[in-house]
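Peer 1: I have a structure I would like to understand better, so I am pasting it below and will then ask my questions one at a time.
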Amino acid sequence: MSMMSNELLLCADACPEVMPVAAKDPAIMTDRRVLQQLLGLEMFSVPSSDYFAPSSTSELQPYMRRVVTTWMLEVTEEQNCEEQVFPLAVNLLDRFLALEAAVLQRCQLQLLGCVCLLTASKLRQCRPIGVDLLVYYTDYSVTPAEIRVSQNPKFLRNVVYLSFIFIDVAPDILFF
91 MSMMSNELLL CADACPEVMP VAAKDPAIMT DRRVLQQLLG LEMFSVPSSD
141 YFAPSSTSEL QPYMRRVVTT WMLEVTEEQN CEEQVFPLAV NLLDRFLALE
191 AAVLQRCQLQ LLGCVCLLTA SKLRQCRPIG VDLLVYYTDY SVTPAEIRVS
241 QNPKFLRNVV YLSFIFIDVA PDILFF
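Residue numbering for the sequence shown follows this note's numbering, starting at 91 and increasing by one per position.
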């Protein structure tokens with residue numbers, strides 16, 4: 091009996107490739123008020139999408155965002171990140187670009203992607219992606235010092251200006 095019960099236990103230490111996931115709370119998942127509240131918050135938390143408008147002074151182009159987000163997806167897939175890391179990282183990237191695209195140079199876009207991946211993995215995973223690993227994935231085009239300086243709250247001040255309220259309560263693509 092004890093041997094059978096031990097076989098049925100899922101232990102994260104015994105299976106390092108399996109990350110434990112919290113069970114869905116039926117009180118939250120079945121209550122219509124929760125969905126209505128999240129949809130209401132979404133109206134105020136969606137980043138502006140016109141930062142690539144022709145009148146913009148930014149040298150960034152939409153295809154550059156696509157290249158960086160594809161790279162970010164490949165990194166999260168290769169590192170077996172939690173499902174929530176990539177959407178949150180892209181959301182942070184879009185928020186920063188919506189506010190600061192005019193001053194961001196195209197050579198800093200992958201650095202911004204690294205910072206967003208690092209921030210999202212710190213918020214959504216038990217073990218965040220390492221800085222040195224991100225440097226490796228950029229083919230050493232950025233340095234660990236650049237990532238550490240850029241993840242400074244002063245650099246991302248406009249992205250998380252609501253502290254972590256947005257990240258904690260805003261609708262996540264995986265929620266629906």
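Note that beta-carbon positions come from the ideal geometry of N, C-alpha and C, so glycine has one too.
Since the model is a prediction, treat every value here as computed from it, not as a measurement.
Nearest-angstrom Cα distance between residue 113 and residue 159?
Peer 2: Working through the sequence shown from its first residue, we reach residue 113 at position 23. Working through the sequence shown from its first residue, we reach residue 159 at position 69. The straight-line gap from Cα to Cα measures roughly 29 Å.
Peer 1: Tell whether a beta-carbon distance below 8 Å holds between residue 202 and residue 194.
Peer 2: What you label residue 202 is simply residue 112 of the sequence shown in a count that begins at 1. What you label residue 194 is simply residue 104 of the sequence shown in a count that begins at 1. Yes, Cβ-Cβ distance for residue 202 and residue 194 is below 8 Å.
Peer 1: DSSP three-state label for residue 173, please.
Peer 2: Numbered from 1 along the sequence shown, position 83 holds the residue referred to as residue 173. Three-state result, residue 173: coil.
Peer 1: Reducing DSSP to helix, strand and coil, say where residue 158 ends up.
Peer 2: Translated into the one-based positions of the sequence shown, residue 158 becomes position 68. In this structure, residue 158 counts as helix in the three-state DSSP scheme.
Peer 1: Can you give the Cα-Cα distance for residue 185 and residue 116, rounded to whole angstroms?
Peer 2: Sequence index remark: in the sequence shown, residue 185 carries index 95 (1-based). Sequence index remark: in the sequence shown, residue 116 carries index 26 (1-based). Cα to Cα, the separation comes out at about 31 Å.
Peer 1: Out of curiosity, what's the CA-to-CA distance linking residue 153 and residue 190?
Peer 2: The count along the sequence shown starts at 1 and reaches residue 153 at position 63. The count along the sequence shown starts at 1 and reaches residue 190 at position 100. Going from the Cα of residue 153 to the Cα of residue 190 covers about 18 Å.
Peer 1: Which one of 137, 200, 214 has the shortest CA to CA distance from residue 174?
Peer 2: Your numbering for residue 174 matches position 84 in the sequence shown. Residue 174 has its Cα closest to that of 214, out of 137, 200, 214.
Peer 1: How should residue 216 be labelled, buried or exposed, when 16 other C-beta atoms within 10 angstroms of its C-beta is the threshold for buried?
Peer 2: Counting from one through the sequence shown, the residue named residue 216 turns up at place 126. So residue 216 ends up on the exposed side.
Peer 1: When the Cα atoms are used, what is the spatial distance from residue 240 to residue 198?
Peer 2: Stepping through the sequence shown from its first residue, residue 240 is reached at position 150. Stepping through the sequence shown from its first residue, residue 198 is reached at position 108. Residue 240 and residue 198: Cα-Cα distance of roughly 10 Å.
Peer 1: Quick check on this structure: which residue in 200, 188, 212 has the alpha carbon closest to the alpha carbon of residue 137?
Peer 2: Along the sequence shown, read from residue 1 onward, the residue named residue 137 stands at position 47. It is 188 whose Cα lies nearest to the Cα of residue 137.
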